[in-house]
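Residue numbers (our numbering): 914 to 1328. Every residue, glycine too, gets a C-beta built ideally from N, C-alpha and C. Below you'll find the structure, written out as structure tokens, and then a few comments.
Listed below in structure tokens is the structure:
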């Protein structure tokens, strides 16, 4: 095993045995697995607590049954989210609201032209909006019946229009788009958090060994380039280990959800919409994005002797990453818009942006290929520059170099 392999193994073993890593990995596993049971738990709580109760002044009990049927929303146990109770008088309804028996009271005027909703302060909740919509629907039906329309014709009036949605260029629509949208949302967060957490771990590892003078001993027998490469790959392997555990938990949660809801259920995401090409593209963007930012952070970390200087020095790198993160949400809203197209050709943004464009939109194949080519070339240049900085930086102590001094190290690194 070469020097790089030994350093990878050392970095991986040292960190995978850490209590913090094991605890965070276990917590993530439990939380992800808990998502499979979250709907059942929430439904049980919602069924147990029930919905709001609204009193309706309806002595003849003519309005309350119609209103009860017109209100949207059902609890998991089949009961309506808003419970309608008919009362005989306005005074009894208002008294019930004041005593906390009802969340609100619906009080029709004597002339029938206006209806009041009295609610218990300080919050009306969503009951007023539900009641307004239901009353509007009832009033419209009554007007149509007054014009001589029967129930069948009234149902035809309120029937929604049929609209088939199609996209040009093979872009996803409907359920497939929703599946891909949430896939992009989750994976973009994964990539962002990976770079922040594990890229920062690479830099801190370099700074820690440099401040403890371990680097000076290692440099006598191991090339600085091998040290940097080993650290990046070792920490990257650590991240993949953690994600493998979490992905396993996600697959178990998905299996439990499918078994509970039934194979024929339309609920949830359809993973059949996720093609192998999408997963391959994510793997490329994930690996290249991590290598790019990890190399930059390793090079910067080699210039620092104290962890106190790390945050300020690494802030420009994280600002670049944040810019790509924000631009990705623009690309998710409009994958073929000018900001998304331009951002996919900027290597510091493209790991996030080009993935969102390719999955949610229909960019030309040459644009995706060119974006990945530019990103790969930038990774190579960033690794070359970071290695030259690392070669001299790990042996520099004292004042933190300026940006101009760091750029000079790139050219002096091979001399």
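What residue range is occupied by the uninterrupted alpha helix (DSSP H) comprising residue i?
i, result
"residue 969", "First-last for residue 969: 965-970, but that is the beta strand (DSSP E), not the alpha helix (DSSP H)."
"residue 1220", "Neither: residue 1220 is in no alpha helix (DSSP H) and is coded neither H nor E."
"residue 1011", "1003-1011"
"residue 944", "932-947"
"residue 1065", "1064-1071"
Considering only the beta carbon of each residue, do residue i and residue j sit closer than 7 Å?
i, j, result
"residue 907", "residue 1050", "Nothing can be reported for residue 907, as the shown portion of the chain is limited to 914 through 1328."
"residue 1097", "residue 967", "no"
"residue 1213", "residue 1227", "yes"
"residue 1300", "residue 1117", "no"
"residue 929", "residue 1151", "yes"
"residue 1332", "residue 1202", "Residue coverage of the chain in this structure runs from 914 to 1328, which leaves residue 1332 outside it and unanswerable."
"residue 1241", "residue 1196", "no"
"residue 1243", "residue 1252", "yes"
"residue 1143", "residue 917", "yes"
"residue 1147", "residue 924", "yes"
"residue 1105", "residue 1238", "yes"
"residue 980", "residue 1047", "yes"
"residue 1158", "residue 942", "yes"
"residue 1067", "residue 1057", "yes"
Using the three-state DSSP reduction, which class does residue i fall into: helix, strand or coil?
i, result
"residue 1043", "helix"
"residue 1144", "helix"
"residue 999", "strand"
"residue 922", "helix"
"residue 1017", "strand"
"residue 975", "coil"
"residue 1200", "helix"
"residue 915", "coil"
"residue 1230", "helix"
"residue 1188", "coil"
"residue 1135", "coil"
"residue 950", "coil"
"residue 900", "Nothing in the structure corresponds to residue 900, since the chain is present only between 914 and 1328."
"residue 1029", "strand"
"residue 1074", "coil"
"residue 980", "helix"
"residue 1060", "coil"
"residue 994", "coil"
"residue 1247", "coil"
"residue 1259", "coil"
"residue 1022", "coil"
For the beta strand (DSSP E) containing residue i, name the first residue and the last one.
i, result
"residue 1265", "Run containing residue 1265: none in the beta strand (DSSP E); it sits in the alpha helix (DSSP H), 1263-1273."
"residue 984", "No beta strand (DSSP E) contains residue 984, which DSSP labels as neither H nor E."
"residue 1252", "First-last for residue 1252: 1251-1256, but that is the alpha helix (DSSP H), not the beta strand (DSSP E)."
Excluding the five sequence neighbours on either side, which residues of its own chain have a C-beta within less than 8 Å of the C-beta of residue i, listed in chain order?
i, result
"residue 1094", "1245, 1273"
"residue 1145", "1115, 1204, 1207, 1208, 1211"
"residue 873", "As shown, the chain starts at 914 and ends at 1328. That puts residue 873 outside it, with no answer to give."
"residue 1261", "1205, 1233, 1234, 1236, 1237, 1291"
Going by beta carbon distance, what residues of the same chain come within less than 7 Å of residue i, once the five residues before and after it are set aside?
i, result
"residue 946", "1162, 1165, 1166"
"residue 1107", "1152, 1203"
"residue 1289", "1201"
What does a CB cutoff of less than 6 Å around residue i pick up in its chain, not counting 5 residues either side in sequence?
i, result
"residue 1006", "968, 970, 1000, 1018"
"residue 1249", "1274"
"residue 1177", "Caution is warranted here: a pLDDT of 44 is assigned to residue 1177, below 50, making its placement in the model unreliable, and the coordinate value is therefore given only provisionally. None."
"residue 972", "1001"
"residue 1160", "none"
"residue 948", "1166"
"residue 1276", "1270"
"residue 1198", "1264, 1268"
Can you confirm whether residue i, when its beta carbon is compared against all beta carbons of chain C, has any partner nearer than 7 Å?
i, result
"residue 1198", "No chain C is present in this structure, which holds just one protein chain."
Examine the ligand FMN and report whether any of its heavy atoms sits within less than 6 Å of the Cβ of residue i.
i, result
"residue 1018", "Ligands displayed in this structure: none; no statement on the ligand FMN is therefore possible."
field: Contact the region 1274-1289 vs the region 1248-1262: 3+ CB pairs below 8 Å
entry: A contact exists between the region 1274-1289 and the region 1248-1262.
- prompt: If you pair each beta-carbon of the region 1220-1236 with each one of the region 1100-1116, do three or more pairs fall below 8 Å?
  reply: Touching, yes, given that three or more Cβ pairs across the two stretches are closer than 8 Å.
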